[in-house]
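**Student:**
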Amino acid sequence: MTVMQHIWIVLGVLFVLLNIAAGLIWVERRMLALWQDRLGPNRAGPFGILIVLADTLKLFFKEDWIPPFADKWIFITAPAIVVGTVLLSFVIIPFAPNIVVADLNIGLLFFLAMSSLAVYSIVLGGWASNNKYALLGGMRGASQMIAYEVFMGLSLMGVVMLTGSFKLSDIVAAQKDMWFCIKQPVGLVVFFIAGIAETHRLPFDIPESESELVAGYHSEYSGMKFGMFFIGEYLGITLISAMTTTIFFGGWLGPFLPPWLWFFIKTFAFIMFFILLRASLPRPRYDQLMEYGWKLLLPLVLLNLLITGAIALWIRG
Amino acid sequence: MPASDLILQDLQQCFGVETFQLQNTVDDILTLWLSKNKVVPVIDNLKSSVSQPFNLLYDICGIDERDKAKKNGLPSKDFTIVYHLFSFERNAFIRLKVGLEGEYPSLPSICSIFKNANWYEREVFDMFGIRFEGHPHLQRILMPLSWKGYPLRKEHPARATEIGPFKLYDELQDREQDALEFKPEEWGMQRETDDADFMFLNIGPQHPGTHGVLRIVLQLDGEDIVDAVPEIGFHHRGAEKMGERQSWHTYIPYTDRVDYLGGVMNNLAYLLAVEKLAGIEVPDRVKVIRVMLCELFRINSHLVWFGTFAQDLGQLSPVFYMFTDREKVFDIIEAVCGGRMHPNWFRIGGVAQDLPNGWDGLVRDFVNYFPKKLVEYTNMVLRNSLFKARTKGIGIYTLEEAIEWGVTGPGLRACGFDWDFRKKRPYSGYDMFDFDIPVAQNGDCFDRAVVRVEEMRQSLRIVEQCLNNMPEGSYKADHPLTTPPLKKHTMQDIETLITHFLSVSWGPVIPPGEAMSCIEATKGANSYYLTSDGNTSPYRSRIRTPSFPHMQMVPYISKGYTVADLLSILGSVDYVLADIDR
Numbered sequence: 001m002t003v004m005q006h007i008w009i010v011l012g013v014l015f016v017l018l019n020i021a022a023g024l025i026w027v028e029r030r031m032l033a034l035w036q037d038r039l040g041p042n043r044a045g046p047f048g049i050l051i052v053l054a055d056t057l058k059l060f061f062k063e064d065w066i067p068p069f070a071d072k073w074i075f076i077t078a079p080a081i082v083v084g085t086v087l088l089s090f091v092i093i094p095f096a097p098n099i100v101v102a103d104l105n106i107g108l109l110f111f112l113a114m115s116s117l118a119v120y121s122i123v124l125g126g127w128a129s130n131n132k133y134a135l136l137g138g139m140r141g142a143s144q145m146i147a148y149e150v151f152m153g154l155s156l157m158g159v160v161m162l163t164g165s166f167k168l169s170d171i172v173a174a175q176k177d178m179w180f181c182i183k184q185p186v187g188l189v190v191f192f193i194a195g196i197a198e199t200h201r202l203p204f205d206i207p208e209s210e211s212e213l214v215a216g217y218h219s220e221y222s223g224m225k226f227g228m229f230f231i232g233e234y235l236g237i238t239l240i241s242a243m244t245t246t247i248f249f250g251g252w253l254g255p256f257l258p259p260w261l262w263f264f265i266k267t268f269a270f271i272m273f274f275i276l277l278r279a280s281l282p283r284p285r286y287d288q289l290m291e292y293g294w295k296l297l298l299p300l301v302l303l304n305l306l307i308t309g310a311i312a313l314w315i316r317g
Numbered sequence: 318m319p320a321s322d323l324i325l326q327d328l329q330q331c332f333g334v335e336t337f338q339l340q341n342t343v344d345d346i347l348t349l350w351l352s353k354n355k356v357v358p359v360i361d362n363l364k365s366s367v368s369q370p371f372n373l374l375y376d377i378c379g380i381d382e383r384d385k386a387k388k389n390g391l392p393s394k395d396f397t398i399v400y401h402l403f404s405f406e407r408n409a410f411i412r413l414k415v416g417l418e419g420e421y422p423s424l425p426s427i428c429s430i431f432k433n434a435n436w437y438e439r440e441v442f443d444m445f446g447i448r449f450e451g452h453p454h455l456q457r458i459l460m461p462l463s464w465k466g467y468p469l470r471k472e473h474p475a476r477a478t479e480i481g482p483f484k485l486y487d488e489l490q491d492r493e494q495d496a497l498e499f500k501p502e503e504w505g506m507q508r509e510t511d512d513a514d515f516m517f518l519n520i521g522p523q524h525p526g527t528h529g530v531l532r533i534v535l536q537l538d539g540e541d542i543v544d545a546v547p548e549i550g551f552h553h554r555g556a557e558k559m560g561e562r563q564s565w566h567t568y569i570p571y572t573d574r575v576d577y578l579g580g581v582m583n584n585l586a587y588l589l590a591v592e593k594l595a596g597i598e599v600p601d602r603v604k605v606i607r608v609m610l611c612e613l614f615r616i617n618s619h620l621v622w623f624g625t626f627a628q629d630l631g632q633l634s635p636v637f638y639m640f641t642d643r644e645k646v647f648d649i650i651e652a653v654c655g656g657r658m659h660p661n662w663f664r665i666g667g668v669a670q671d672l673p674n675g676w677d678g679l680v681r682d683f684v685n686y687f688p689k690k691l692v693e694y695t696n697m698v699l700r701n702s703l704f705k706a707r708t709k710g711i712g713i714y715t716l717e718e719a720i721e722w723g724v725t726g727p728g729l730r731a732c733g734f735d736w737d738f739r740k741k742r743p744y745s746g747y748d749m750f751d752f753d754i755p756v757a758q759n760g761d762c763f764d765r766a767v768v769r770v771e772e773m774r775q776s777l778r779i780v781e782q783c784l785n786n787m788p789e790g791s792y793k794a795d796h797p798l799t800t801p802p803l804k805k806h807t808m809q810d811i812e813t814l815i816t817h818f819l820s821v822s823w824g825p826v827i828p829p830g831e832a833m834s835c836i837e838a839t840k841g842a843n844s845y846y847l848t849s850d851g852n853t854s855p856y857r858s859r860i861r862t863p864s865f866p867h868m869q870m871v872p873y874i875s876k877g878y879t880v881a882d883l884l885s886i887l888g889s890v891d892y893v894l895a896d897i898d899r
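First to last, the protein sequences are chains V and H.
Quick note: the first sequence uses the numbering used here, first residue 1, plus one each step.
Quick note: the second sequence uses the numbering used here, first residue 318, plus one each step.
(1) Answer yes or no: does any C-beta atom of chain H fall closer than 8 Å to that of V123 of chain V?
(2) In chain order, which alpha helix (DSSP H) runs of at least 4 residues are fully inside the segment 322-366 of chain H?
(3) Tell me which residues share the same chain as A102 of chain V and place their Cβ nearer than 6 Å to its Cβ, disregarding the 5 neighbours each side in the sequence.
(4) Under 8 Å Cβ-Cβ, which residues of chain H neighbour P207 of chain V?
(5) Residues of chain V with a CB under 8 Å from the CB of G712 of chain H: which are they?
(6) Determine whether the beta carbon atoms of G187 of chain V and L156 of chain V lie at a separation below 8 Å.
(7) Give the DSSP-derived three-state secondary structure of C378 of chain H in the structure shown.
(8) Just how far apart, CA to CA, sit L323 of chain H and D361 of chain H?
(9) Around the C-beta of L313 of chain V, are 16 or more other C-beta atoms found within 10 angstroms, so that it is buried, or is it exposed?
(10) In chain order, what residues of the same chain lie with their CB nearer than 7 Å to the CB of D327 of chain H, ignoring the 5 residues before and after it?
(11) Determine which residues of the segment 507-526 of chain H have a Cβ less than 7 Å from any Cβ of chain V, and write them out in chain order.
(12) So the alpha helix (DSSP H) N584 of chain H belongs to, where does it begin and stop?
(13) Is N131 of chain V near E233 of chain V, with beta carbons less than 8 Å apart?
(14) Suppose you measure from the CA of Q494 of chain H to the CA of E503 of chain H; what does that come to, to the nearest Å?
(15) Relative to the C-alpha of N583 of chain H, which candidate in H:K558, H:L620, H:R615 and H:G723 has its C-alpha closest?
(16) I need the straight-line Cα distance from G712 of chain H to V160 of chain V, nearest angstrom please.
(17) Please tell me whether I411 of chain H and L594 of chain H are closer than 8 Å, where the distance is taken between their beta carbons.
(18) Alpha carbon to alpha carbon, what distance is there between T246 of chain V and F263 of chain V?
(19) May I ask which residues mark the beginning and end of the alpha helix (DSSP H) holding W738 of chain H?
(20) Could you name each continuous alpha helix (DSSP H) segment of 4 residues or more that falls completely within the segment 53-102 of chain V, going from the start of the chain to the end?
(21) Within 10 Å of its beta-carbon, does T725 of chain H have 16 or more other beta-carbons around it, so buried, or fewer, so exposed?
(22) In the structure shown, what three-state DSSP assignment does M318 of chain H receive?
(23) Please report the distance separating the alpha-carbon of P422 of chain H from that of T715 of chain H.
(24) Can you tell me which of V:I193, V:G250, V:A78 and V:M4 puts its alpha carbon nearest to the alpha carbon of F274 of chain V?
(25) On the DSSP bridge list, what partners appear for I836 of chain H?
(26) Quick one: Cα of P570 of chain H to Cα of A590 of chain H, how far?
(27) Taking CB distances under 8 Å as the criterion, tell me whether A706 of chain H reaches chain V.
(28) Return the chain-ordered list of same chain residues with a C-beta closer than 7 Å to the C-beta of G851 of chain H, the five sequence neighbours on each side being excluded.
(29) In or out: Q563 of chain H buried (at least 16 other Cβ within 10 Å) or exposed?
(30) Return the residue from the list V:W252, V:L14 and V:H6 that minimises the CA-CA distance to K176 of chain V.
(31) Between the segment 695-702 of chain H and the segment 621-641 of chain H, are three or more C-beta pairs nearer than 8 Å?
(32) Going by the CB atoms, is the gap between L363 of chain H and N433 of chain H shorter than 8 Å?
(33) S791 of chain H and R602 of chain H: beta carbons closer than 8 Å?
(34) Does the distance from the C-beta atom of F15 of chain V to that of W260 of chain V stay below 8 Å?
(35) How would you write the range of the beta strand (DSSP E) that E233 of chain V sits in, first residue to last?
(36) G555 of chain H by DSSP, collapsed to three states: which one?
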């Protein structure tokens with residue numbers, strides 16, 4: 001691959017991702033409306049798709065307000081962290097054969113590291129706002145994400161055992177005959193649940209839980225800084241969906257259609273699932289979520305690891 | 318011997334005959350005057366010593382008697398404090414009145430006897446400047462702390478134009494802001510203990526979870542609620558004061574807005590009291606029309622509660638489905654009344670118009686449509702395991718606690734007590750209908766939800782019976798005091814013409830006396846306690862609303878739970894801010 005090609009891939013991925021994240025605003029609102037017997041945004045442009053543009057413009061023209069009581073620099077940095085870390089995570093995802101920014105041999109670990117870093121944006125944002133709601137949201141976010149980080153990492157280890165590699169292109173290649181969602185169903189379920197908690201989407205939107213904490217950790221944010229959190233959330237959804245596709249559903253693999261389209265279709269299906277979850281489930285309480293994680297998911301995922309390891313050893317003889 | 322005489326005999330035996338002076342009222346509630354030093358022992362006796370005790374403190378209100386036109390030989394002096402107690406076992410109210418003399422008199426507090434006396438006494442203090450000795454925290458409750466004067470005293474102006482223009486100077490704004498600051502010490506709260514620094518979290522007045530302008534200050538240890546102080550009054554519009562200068566007829570639209578989800582049900586509570594005073598007996602058709610609309614509004618109110626309750630717990634979709642169905646009910650209400658949330662449609666002695674052609678088709682469609690939907694919603698919300706995890710075992714109170722705090726309505730029935738004023742003290746012809754009283758046993762958030770959902774089914778049954786058995790006849794009583802007055806004889810008879818003219822221009826003149834109604838409103842027992850001194854407007858109109866005592870109980874039932882649970886509790890209590898503040 002030439003340098004120019006590489007640059008084009010980077011720019012292309014960035015362009016597509018940002019557009020998907022923005023487009024998801026529209027998709028989510030339309031889909032929620034569909035499921036809730038409403039119309040949703042349907043005025044600006046065909047099917048209301050220009051609402052994305054209108055929303056972005058609105059955010060740009062909002063007063064860029066930094067509360068006088070906030071810790072200015074941390075307050076500004078926090079929203080950038082979430083977007084930065086999530087975008088960096090996409091570096092390792094193989095969208096199709098040869099369309100990958102950097103096929104690292106520690107791909108999975110890199111992904112886990114980046115998603116761990118994303119917690120800083122919530123904690124710092126909540127802390128720097130110097131607002132009690134934000135602080136409570138930040139606190140909840142920290143403990144929730146740290147807890148679910150553990151299961152997320154462990155749930156992927158089964159796949160790593162079966163593949164023998166952390167490299168995502170190897171993982172995709174290993175699924176030529178059978179997707180890992182069949183070999184690792186428990187891993188899939190735990191990974192996806194942890195993914196929802198990581199992206200703090202309903203039902204696990206406890207750090208922001210609107211009806212309790214107003215807007216949680218980003219209560220004080222407005223304008224484009226709020227927009228960054230917003231985009232970060234949609235990028236997060238896309239990331240978890242893309243990772244689920246890559247690790248458990250064969251990535252770009254599939255008959256007839258070009259690989260990138262397969263990847264896109266599968267990822268989109270999971271994004272839809274995220275939105276459907278939001279439309280249907282209530283939110284558990286903070287301590288219930290933690291209990292659920294430590295008392296149910298952790299033993300489950302450890303058991304999964306044990307059984308996978310045993311079977312892998314048995315097959316190899 | 319009627320039951321009310323028995324309790325009088327008991328009391329006279331205990332405290333002596335001369336302690337009590339009997340007053341006859343048109344609502345047949347035993348009304349006794351006593352002196353202020355007897356208040357505490359008599360109420361204590363009624364609550365704990367007599368057989369079949371009066372264990373519910375229903376209401377406390379004050380009356381400024383200084384402008385009253387006719388006192389009719391009653392011992393009322395400058396002010397009167399009126400206590401309403403209720404006995405479930407006797408199914409009877411008792412009204413105790415204390416006459417007070419002087420510009421700013423005082424009397425002993427009964428907070429030590431009834432827990433819910435606290436807010437009622439604060440309200441009387443706030444409105445009249447009457448002090449209750451021994452009250453733990455006698456402070457303004459509805460008006461701002463910085464308010465000058467006591468609004469329900471007759472010398473306090475009722476209209477903004479009598480006060481002069483309001484200007485918010487910078488200094489005044491600062492002062493008002495400072496007055497809003499919460500000082501934990503005033504409430505006997507500590508800022509820290511040896512092992513914890515408490516956080517004081519201000520929920521409201523603007524907060525997505527409070528459903529209106531309510532402020533609750535939480536004392537938090539981490540996320541656990543140590544104590545809570547609700548601050549109400551942001552929605553106070555002086556509905557009681559307005560009653561004193563509106564005519565008996567023109568006050569009806571104001572009642573619509575008290576429990577704004579209850580619509581015409583508020584009209585009914587008010588009109589039942591007016592009709593008792595005026596001695597109007599309404600025709601059966603009026604009764605059934607009123608019942609039908611009230612039950613439609615009950616369904617509506619419960620639908621709003623159901624949707625927003627689910628939303629408070631993070632379930633985003635149900636509220637949309639339920640508001641869509643609520644719209645269907647509004648279609649019926651709009652066809653019948655012309656209005657939607659505040660139709661202002663009941664009149665003294667009847668309703669505004671007869672039912673329109675085709676109303677039965679609309680109602681029948683809804684009766685056929687709604688039960689299926691209700692099953693769907695029950696499956697969607699009540700059977701959801703996350704919903705159960707958030708509501709079961711949260712915000713529990715026992716039956717004794719519920720009565721002690723003055724809880725009525727679904728909140729009482731969720732403790733396993735099948736008390737429904739529609740069944741036990743039927744009004745407006747509810748005795749003609751066949752329906753059940755849903756109850757649940759645990760008294761937690763989930764049970765309160767279950768009771769309300771089942772109530773919607775029962776309301777639908779009542780609506781269906783109204784539909785099938787709507788009596789023929791007039792939609793208005795044939796009585797000179799009905800509004801608008803009947804016109805049919807005015808062209809033959811000069812006396813009728815004069816009465817009609819006066820009734821239309823002044824409004825009806827209701828005979829002197831006092832009466833209290835009591836209905837099972839959407840949220841609990843709602844009453845209007847009206848005093849007439851024979852004028853074109855009420856001398857005093859007291860509104861007893863269910864949400865007021867329910868909100869008073871919130872700190873008690875939320876201690877020890879978390880912030881997230883507070884939202885479940887607030888949702889399950891189902892209050893309306895206008896219903897608390899009036």
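Beta carbons: idealized from backbone N, C-alpha and C, even for Gly.
**Tutor:** Let me lay it out:
(1) no
(2) 356-361
(3) V91
(4) Chain H residues near P207 of chain V: none, gap ~12 Å exceeds 8 Å.
(5) Here the premise fails: no neighbours, minimum Cβ distance about 13 Å.
(6) yes
(7) strand
(8) 18 Å
(9) exposed
(10) V367
(11) M516, L518, H524, P525 and G526
(12) V581 to A595
(13) no
(14) 17 Å
(15) H:R615
(16) 47 Å
(17) no
(18) 8 Å
(19) It should be pointed out that residue 738 of chain H corresponds to Phe in this sequence rather than to Trp. Counting along the chain, the alpha helix (DSSP H) containing F738 of chain H begins and ends at F738 to K741.
(20) 72-89
(21) buried
(22) Because the pLDDT of M318 of chain H is 47, which lies under 50, any placement of that residue in the model is unreliable, and the number read from its coordinates should be weighed accordingly. Correct three-state label for M318 of chain H: coil.
(23) 37 Å
(24) V:I193
(25) H:N843
(26) 16 Å
(27) yes
(28) A386, K387, V826, P828 and P829
(29) buried
(30) V:W252
(31) yes
(32) no
(33) yes
(34) no
(35) Counting along the chain, E233 of chain V falls outside any beta strand (DSSP E), though it belongs to the alpha helix (DSSP H) covering G223 to F248.
(36) coil
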